[in-house]
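Student:
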Amino acid sequence: MNHFHYRDGELFCEDVPLRAVADDVGAPVYVYSSATLERHYRVFKEAFAPRDPLVAYAVKANGNIAVIATLAKLGAGADTVSAGEIQRALAAGVPPGRIVFSGVGKTEAELAYAISLGVHQINIESVAELDMIARVCDLHGQRAAIAIRINPDVGAGGHDKISTGKAQAKFGVGLDAARMLYARAHAHPLIDAKGFAVHIGSQIRDLAPLEDAFVVLRTLAEEMRAQGLPVERLDLGGGLGIPYFNEPSPPAPTDYAAMVTRVFAGDPAALAFEPGRLIAGNAGVLVSRVIRLQPRPERDILVLDAAMNDLIRPAMYEAFHDIWPVREAPDAPRAPMDVVGPICETGDTFARARALPPLSPDDLVAFMSAGAYGAAMSSTYNARPLIPEVLVRGDRFDVVRRRWKVSEQLELERIPE
Ligand code: LLP
């Protein structure tokens, strides 16, 4: 459920008309609903209530500090994959004790930073990374809490580019390596080996591969304990899909929780999750203005002021985002249109033959379900400045990232003598 709905023929975010935001801040603009963010966090957290897991919001989905702060106030932790994301989490008020640091390419400087902060857990993805952590701990006399991210050889996810759990993926270590690494981590006086982590993909619509991966994780934990190595924590990653309106609904968090509860029944480990899309995806829209309509013999082309640099998911993953007119047109005849942005490549196409009501220059449309991996993946391609982000709460809205100026980008560059 989300808080975007029509009222008197106009599309609202909570009690704010999107038109008012676009008129005030300009388009294109990302608009987020704090009520939806909070609801998604609570639904997820409450589904697991008896186990009281750490829900570490995956900052990569939407790293705006106002978004993270909204969740941090409810007790969310942060799953981070760079020193930059750790800084964002801290700036948003997430305590280090609720920060998880993941990723295959953590540098020594990033590891030293995370260790100096005393983050909750570093998820290790290779032998070399464990060695690097050991070196940093020895050098500074600091302790590090770690988990080993396993690669369970289970594929899942909405697109090949976001599947992470197969053996040939760059993520995690195989089970033999995980056993060896865990024992080695335990043997190090400054490393606290807490347990294991897994994350097999994103936009997962089926519980079966998740269950397969979790069974592998539980079996490994039991095996380690049988060898006298305690396993206190299991991090089950993120990945649960959301409805993008054109596909069968993915499992509800309660179904997911029922499966997890069954798989880990009787296991004493503290559980953690790293949901990103599930929390932020349907909590945000991208509002864009129509520049013009180009009549074509086959079908018309709708040119918007938003482009692939603002929302790259359709170009990169053939992703579907529903497009709603900001002024409701329930009875208007719909005609198929190609929806494109102004960028100079054919990839800058949001949708082909999308059935839309009549639209004219200056009309507004909203790309739905754009709260996750929308603004976070945007760029300045074609010298288009990053667009603003707005957070709505009830009947008020705040600009939580102002529009960038091209002049600010130019200030970073210089022409050598
Ligand atoms: N934990 C780890 C280790 C991850 O790699 C990811 C996402 C998550 C958690 C959060 O996954 P989620 O709950 O959001 O599915 N840019 C792509 C999605 C990439 C996901 C990368 N990893 C997209 O726009 O679909």
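Heads up: the sequence shown begins at 9 in my numbering, then just goes up one per residue. Cβ atoms here follow ideal geometry from the backbone N, Cα and C, with glycine treated the same way. It should be emphasised that the depicted structure is a prediction, and the values quoted were computed from it without experimental measurement.
1) Report the three-state DSSP secondary structure of Asp-184 (helix, strand or coil).
2) Can you check DSSP and say which residues form a bridge with Gly-292?
3) With hydrogens ignored, establish whether the beta-carbon of Pro-283 is closer than 7 Å to any heavy atom of ligand 1.
4) Taking just the CA atoms, how far does Ala-99 sit from Pro-261?
5) Do Ser-257 and Val-373 have their CB atoms nearer than 8 Å?
6) Closer than 8 Å, CB to CB, is Ala-273 near chain D or not?
7) Compare the beta carbon distance of Glu-230 and Met-267 with 8 Å and say whether it is the shorter of the two.
8) Report yes if the CB atom of Ala-291 is closer than 8 Å to the CB atom of Leu-45, and no otherwise.
9) Assuming Gly-247 and Ala-177 form a contact by the criterion Cβ under 8 Å, report the distance between their Cβ atoms to the nearest whole angstrom.
10) Evaluate the contact criterion for the region 98 to 113 versus the region 67 to 79: three or more CB pairs, one atom per stretch, below 8 Å.
11) Using 8 Å as the cut-off, can you tell me whether the region 48 to 66 makes contact with the region 298 to 312, which would need three or more C-beta pairs spanning the two stretches below that distance?
12) Using 7 Å as the cut-off, classify the Cβ of Thr-172 as near or not near the heavy atoms of ligand 3, replying yes or no.
13) Check whether the region 316 to 324 touches the region 390 to 401, taking contact to mean three or more Cβ pairs, one atom from each stretch, closer than 8 Å.
14) Thinking C-alpha only, which one of Val-223, Gln-95, Ala-120, Asp-87 is nearest Ser-110?
15) Which residues in the same chain have their Cβ closer than 7 Å to the Cβ of Val-67, if we skip the five residues on either side of it in sequence?
16) Would you say the beta carbon of Ser-134 is closer than 7 Å to some non-hydrogen atom of ligand 1?
17) Can you give me the start and stop residues for the alpha helix (DSSP H) that Ala-97 sits inside?
18) With DSSP run on the structure shown, which of helix, strand or coil describes Lys-202?
19) Taking 7 Å as the cut-off, is the beta-carbon of Ser-90 closer than that to any non-hydrogen atom of ligand 1?
20) Less than 8 Å between the CB atoms is what I'm expecting for Glu-18 and Arg-335, so what's the real figure, rounded?
21) Ligand 1 heavy atoms versus the CB of Arg-321: any closer than 7 Å?
Tutor: Inspection of the coordinates gives the following:
1) Here residue 184 is taken as the residue at index 176 of the sequence shown, counted from 1. Here Asp-184 sits in helix by DSSP.
2) Mapped onto the sequence shown, residue 292 falls at position 284. Gly-292 is bridged to Tyr-40.
3) Stepping through the sequence shown from its first residue, residue 283 is reached at position 275. Pro-283: yes, Cβ under 7 Å from ligand 1.
4) Sequence index remark: in the sequence shown, residue 261 carries index 253 (1-based). Sequence index remark: in the sequence shown, residue 99 carries index 91 (1-based). Taking the straight line joining both Cα atoms gives about 29 Å.
5) The residue labelled residue 257 in the question sits at position 249 within the sequence shown. The residue labelled residue 373 in the question sits at position 365 within the sequence shown. The answer is no: Cβ separation not under 8 Å.
6) Protein chains in the displayed structure number just one, and chain D is not present.
7) Working through the sequence shown from its first residue, we reach residue 230 at position 222. Working through the sequence shown from its first residue, we reach residue 267 at position 259. No.
8) Counted from its first residue, the sequence shown places residue 291 at position 283. Counted from its first residue, the sequence shown places residue 45 at position 37. Yes, the pair counts as a contact, with Cβ atoms nearer than the cut-off.
9) Stepping through the sequence shown from its first residue, residue 247 is reached at position 239. Stepping through the sequence shown from its first residue, residue 177 is reached at position 169. That pair is no contact at about 13 Å.
10) yes
11) no
12) In terms of ligand content, the structure shown lacks ligand 3 and carries ligand 1 instead.
13) yes
14) As a first step, residue 110 is located in the sequence shown; it is residue number 102 there, counting from the start. Selected option, being the one with the closest Cα: Asp-87.
15) Numbered from 1 along the sequence shown, position 59 holds the residue referred to as residue 67. If we look at Val-67 and ignore the five residues flanking it on each side, its Cβ neighbours are Ile-76, Ala-86, Asp-87, Thr-88, Glu-93, Arg-96, Ala-97.
16) Your numbering for residue 134 matches position 126 in the sequence shown. Answer for Ser-134: no, Cβ out of range of ligand 1.
17) As a first step, residue 97 is located in the sequence shown; it is residue number 89 there, counting from the start. From DSSP, the alpha helix (DSSP H) with Ala-97 extends over 91 to 99.
18) As a working note, residue 202 is residue 194 in the sequence shown. Strand, per DSSP.
19) As a working mapping, residue 90 is identified with position 82 in the sequence shown. Not under cutoff, so the answer is no.
20) Counted from its first residue, the sequence shown places residue 18 at position 10. Counted from its first residue, the sequence shown places residue 335 at position 327. Contact flag correct, Cβ pair sits at about 6 Å.
21) By one-based count along the sequence shown, residue 321 stands at place 313. Yes, the Cβ of Arg-321 comes within 7 Å of a heavy atom of ligand 1.
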